[in-house]
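In what follows, a structure is listed as structure tokens, so that the remarks can point back to it.
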Amino acid sequence: MYQYLSLKFIAQHAPHFDNHHHLPRILQIEQAWNWLSWLLFLLLIILSQRYSILLISILTTIETVIVFRVSYFRHQITR
Numbered sequence: 001m002y003q004y005l006s007l008k009f010i011a012q013h014a015p016h017f018d019n020h021h022h023l024p025r026i027l028q029i030e031q032a033w034n035w036l037s038w039l040l041f042l043l044l045i046i047l048s049q050r051y052s053i054l055l056i057s058i059l060t061t062i063e064t065v066i067v068f069r070v071s072y073f074r075h076q077i078t079r
């Protein structure tokens, strides 16, 4: 969430980055993932323990990839 909010702040306060074609896409992916991760987390609570390891693995893998992408993009913008 910190990465998303910092990118949102940069997008609002640095108008020359609004035209950057990756920023809206990454913000959209991050926002969609936020909702999807909550859904997967609720499924983790509701479903049987048989699927717990699978859902935890999926959540962890996707979260790692998204955080890496957002962090990399944020680093490129602030250079």
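Sequential numbering of the sequence shown, starting at 1, is according to the numbering used here. A virtual CB, placed ideally from N, CA and C, is assigned to each residue, including glycine.
Among the options, whose alpha-carbon lies nearest the alpha-carbon of residue i?
i: Q31; options: I77, T61, L5; result: L5
i: T60; options: Q28, L40, Q76, P24; result: L40
i: S57; options: H75, F9, Q28, S37; result: S37
Does the Cβ of residue i have 16 or more other Cβ atoms within 10 Å, making it buried, or fewer, making it exposed?
i: I66; result: buried
i: I26; result: buried
i: H23; result: Checking the sequence shown, residue 23 turns out to be Leu, not His. It is buried - the Cβ of L23 has at least 16 other Cβ atoms within 10 Å.
CB residue i to CB residue j, shorter than 9 angstroms?
i: F73; j: L7; result: yes
i: Y51; j: L44; result: yes
i: W35; j: E63; result: no
i: I81; j: I10; result: This structure does not reach residue 81, given that the chain is present from 1 up to 79, and the question cannot be answered.
field: Residue ranges of each alpha helix (DSSP H) within the segment 16–68, 4 or longer
entry: 22–46
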